[in-house]
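Asks:
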Amino acid sequence: MTHLSSLMSSVPDRDNLVFEIWLGTDQLAEVSHEPERPVEIEIYPPAEGGKWNFELEEFMSMLNQAVKSLK
Numbered sequence: 003m004t005h006l007s008s009l010m011s012s013v014p015d016r017d018n019l020v021f022e023i024w025l026g027t028d029q030l031a032e033v034s035h036e037p038e039r040p041v042e043i044e045i046y047p048p049a050e051g052g053k054w055n056f057e058l059e060e061f062m063s064m065l066n067q068a069v070k071s072l073k
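Residue numbers (our numbering): 3 to 73.
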């Protein structure tokens with residue numbers, strides 16, 4: 003099973019850094035904390051259709067890491 007990885011990134015459509023979550027070479031989600039907004043997540047569909055398959059605990063750990071990194 004492919005493991006999740008993360009990357010802090012500066013993207014042109016956001017004021018602050020974002021926390022990207024990757025599954026292999028595909029971006030699974032982006033977590034952001036923009037001014038005057040709560041921490042939000044965008045979840046992307048798999049690039050080639052189908053479905054995502056990953057460990058729940060690993061994903062929850064990534065989300066917790068995202069919140070800590072963005073606040």
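The beta carbon of each residue, even a glycine, is placed where N, CA and C say it ideally should be.
Source: prediction; values computed, not measured.
Just to confirm the assignment: which complete beta strand (DSSP E) runs, minimum length 3, are found wholly within the region 5-72?
Replies: You should have 6-11, 20-25, 28-34, 42-45.
Asks: Give me the Cα-Cα distance between Arg39 and Gly51, rounded to the nearest whole angstrom.
Replies: Within the sequence shown, numbered from 1, the residue matching residue 39 stands at position 37. Within the sequence shown, numbered from 1, the residue matching residue 51 stands at position 49. Using only the alpha carbons, I get a separation of about 31 Å.
Asks: When burial is assigned at 16 or more other CB atoms within 10 Å of the CB, is Met62 buried or exposed?
Replies: Here residue 62 refers to the residue found at position 60 when the sequence shown is read from its first residue. Under this definition Met62 is an exposed residue.
Asks: Would you grab the beta carbon distance between Leu78 and His35 for me? Rounded to a whole angstrom, and I think it's under 8 Å.
Replies: Outside the displayed range of the chain (3 to 73) lies residue 78, so it cannot be described from this structure.
Asks: Taking the beta carbon of Ile45 as the centre, do at least 16 other beta carbons fall within 10 Å, making it buried, or is it exposed?
Replies: The residue you call residue 45 lines up with position 43 of the sequence shown. Under this definition Ile45 is an exposed residue.
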